[in-house]
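Engineer: Taking our numbering, the leading residue of the sequence shown gets 53, the next gets one more, and so forth.
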Amino acid sequence: MWLTEVIIDGFKSYAAREVVSGFDMSFNAITGLNGTGKSNILDAICFVLGITNLTQVRVSNLQQLVYKQGQAGVTKASVTLVFNNEDKERSPIGYQQFNTITITRQRSSQVLVLTVSFL
Numbered sequence: 053m054w055l056t057e058v059i060i061d062g063f064k065s066y067a068a069r070e071v072v073s074g075f076d077m078s079f080n081a082i083t084g085l086n087g088t089g090k091s092n093i094l095d096a097i098c099f100v101l102g103i104t105n106l107t108q109v110r111v112s113n114l115q116q117l118v119y120k121q122g123q124a125g126v127t128k129a130s131v132t133l134v135f136n137n138e139d140k141e142r143s144p145i146g147y148q149q150f151n152t153i154t155i156t157r158q159r160s161s162q163v164l165v166l167t168v169s170f171l
């Protein structure tokens, strides 16, 4: 199983929906100028995977995960990870029958929602 897409919408510095794709099975690097959101991509991945210590993603409360803390008309933060699960030798035990695994975590109002889908 390997990551193929990160879909970020309203999360930290990403106001509009942004799809980060083109990941390699073996090695990936996120590069760019200072202040372009590189760390926020990693924070988004940690958010979906269930990080509970918010200081590790450099915020003190869940509202700070929403773009401009909701002050710019964005009311929710949503991050989706899409995994290619076609290589059954690398599949998690019990999930070999699925070719794609999608995990979404969303923060809206005071509610956190986690959605997992299998294709």
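No residue lacks a Cβ here, since even glycine has one placed at the ideal position from N, Cα and C.
Look up glutamate 141 in the DSSP assignment and say whether it is helix, strand or coil.
Structural biologist: As a first step, residue 141 is located in the sequence shown; it is residue number 89 there, counting from the start. Glutamate 141: helix per DSSP, three-state reduction.
Engineer: Would you mind giving the Cβ-Cβ distance between arginine 157 and methionine 53, rounded to the nearest angstrom? I have them listed as a contact below 8 Å.
Structural biologist: Translated into the one-based positions of the sequence shown, residue 157 becomes position 105. Translated into the one-based positions of the sequence shown, residue 53 becomes position 1. So it is not a contact: roughly 18 Å between Cβ atoms.
Engineer: What separation, rounded to the nearest whole angstrom, lies between the Cα atoms of asparagine 105 and tyrosine 119?
Structural biologist: Locating residue 105 in the sequence shown gives position 53, counting from the first residue. Locating residue 119 in the sequence shown gives position 67, counting from the first residue. Whole-angstrom Cα-Cα distance: 19 Å.
Engineer: Could you say if the stretch 79-86 and the stretch 57-70 meet the contact criterion of at least three C-beta pairs nearer than 8 Å?
Structural biologist: At 8 Å Cβ cutoff, the stretches do not touch.
Engineer: Looking at the structure shown, is isoleucine 97 part of a helix, part of a strand, or coil, going by DSSP?
Structural biologist: Locating residue 97 in the sequence shown gives position 45, counting from the first residue. In this structure, isoleucine 97 counts as helix in the three-state DSSP scheme.
Engineer: Report back the beta-carbon spacing between leucine 117 and valine 111 to the nearest angstrom; my notes put them in contact at under 8 Å.
Structural biologist: Along the sequence shown, read from residue 1 onward, the residue named residue 117 stands at position 65. Along the sequence shown, read from residue 1 onward, the residue named residue 111 stands at position 59. With a Cβ gap of about 6 Å, leucine 117 and valine 111 count as contacting.
Engineer: Near valine 165, which residues of its chain fall below 6 Å by C-beta distance, leaving aside the five closest residues on each side in sequence?
Structural biologist: Stepping through the sequence shown from its first residue, residue 165 is reached at position 113. Only Gln158 meet the Cβ criterion.
Engineer: On the premise that serine 73 lies in contact with threonine 56, defined as a C-beta separation below 8 Å, what is that separation, rounded to the nearest angstrom?
Structural biologist: Here residue 56 corresponds to residue number 4 of the sequence shown, with the count starting at 1. Here residue 73 corresponds to residue number 21 of the sequence shown, with the count starting at 1. With 8 Å as the limit, threonine 56 and serine 73 qualify as a contact, their Cβ atoms being about 6 Å apart.
Engineer: Determine the extent of the beta strand (DSSP E) in which isoleucine 155 is found, giving its start and end residues.
Structural biologist: The residue labelled residue 155 in the question sits at position 103 within the sequence shown. Taken as a continuous stretch (DSSP letters only), the beta strand (DSSP E) holding isoleucine 155 covers 152-160.
Engineer: Under the DSSP definition of a beta bridge, which residues are partnered with leucine 166?
Structural biologist: Taking the sequence shown and counting its residues from 1, one reaches residue 166 at position 114. According to DSSP, which records beta bridges pairwise, leucine 166 is partnered with Arg157.
Engineer: For leucine 94, collect the residues of the same chain with a Cβ closer than 8 Å to its Cβ; drop the 5 residues on either side in sequence, then sort them by chain order.
Structural biologist: On the sequence shown, position 42 is the one that residue 94 refers to. Taken in chain order, the residues that qualify are Ile82.
Engineer: Quick one: what's got a C-beta closer than 7 Å to alanine 96's C-beta in the same chain, skipping five residues either side?
Structural biologist: Locating residue 96 in the sequence shown gives position 44, counting from the first residue. Closer than 7 Å at the Cβ level, and outside the excluded window around alanine 96, lie Val58, Ile60, Phe63 and Val131.
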